[in-house]
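In what follows, a single structure is set out as structure tokens and then discussed.
In our numbering, the protein residues as written are 8 to 184.
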């Protein structure tokens, strides 16, 4: 959509992705990332950490399930999505504003790590998108096994799936956190 603020952030996962499902069965994963700039201190002649930016991220549907299976706390990731601002009143009546990221794309960075990519059986297509010619469809990896769709292979332990609590008759696709 026009007018949305799309940003790309590189950072480390602060916690394991938390996978839940809406009452209508749509998967949503929530995780936080910390992006910490490195700044050079000329007086001490060394690099230091700057102020960290912490963002809560939400990713939906098949990508949410892939994130929960593939990513874990401490991993360095690249995320791209739409920056959202939300205001609310806390328990003490103080107005708060938070910034969150609705993720469109996410993956591990490969600057200091490796990842094995496998294809999902469903083809990983977004809902409502037309099928495209897949140049990799006939390709077989060196081990001879056929691969069907893309997703990052987990480098650590997969996140636990936790079903969302069913609301009072609600069928909203809003995140259950």
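Where a beta carbon is used, it is the ideal one built from N, C-alpha and C, also for glycine. Keep in mind the model is a prediction, meaning the values are calculated, not measured.
Residue i to residue j, Cα distance in whole Å?
{"i": "residue 45", "j": "residue 58", "result": "9 Å"}
{"i": "residue 29", "j": "residue 120", "result": "33 Å"}
{"i": "residue 126", "j": "residue 61", "result": "31 Å"}
{"i": "residue 96", "j": "residue 102", "result": "4 Å"}
{"i": "residue 72", "j": "residue 12", "result": "25 Å"}
{"i": "residue 52", "j": "residue 116", "result": "28 Å"}
{"i": "residue 15", "j": "residue 122", "result": "20 Å"}
{"i": "residue 86", "j": "residue 68", "result": "16 Å"}
{"i": "residue 21", "j": "residue 9", "result": "31 Å"}
{"i": "residue 105", "j": "residue 112", "result": "21 Å"}
Return the first residue and the last residue of the beta strand (DSSP E) that residue i is part of.
{"i": "residue 34", "result": "34 to 42"}
{"i": "residue 16", "result": "12 to 20"}
{"i": "residue 31", "result": "Note, residue 31: premise wrong, no beta strand (DSSP E); not H, not E."}
{"i": "residue 65", "result": "60 to 67"}
Which of the three DSSP states is assigned to residue i in this structure?
{"i": "residue 77", "result": "helix"}
{"i": "residue 50", "result": "coil"}
Measure from the C-beta of residue i to each C-beta in chain E and report whether the shortest distance is under 8 Å.
{"i": "residue 24", "result": "Judged by its chain identifiers, the structure shown contains no chain E, having just a single protein chain."}
For this session: Indicate whether the contact test is met: 3 or more Cβ pairs, each with one atom in the segment 64 to 83 and one in the segment 24 to 42, closer than 8 Å.
Result: The segment 64 to 83 vs the segment 24 to 42: in contact.
For this session: Please go through the segment 95 to 120 and give each complete beta strand (DSSP E) segment of 3 or more residues, from N-terminal end onward.
Result: Within the segment 95 to 120, the complete beta strand (DSSP E) runs of at least 3 residues are 102 to 115.
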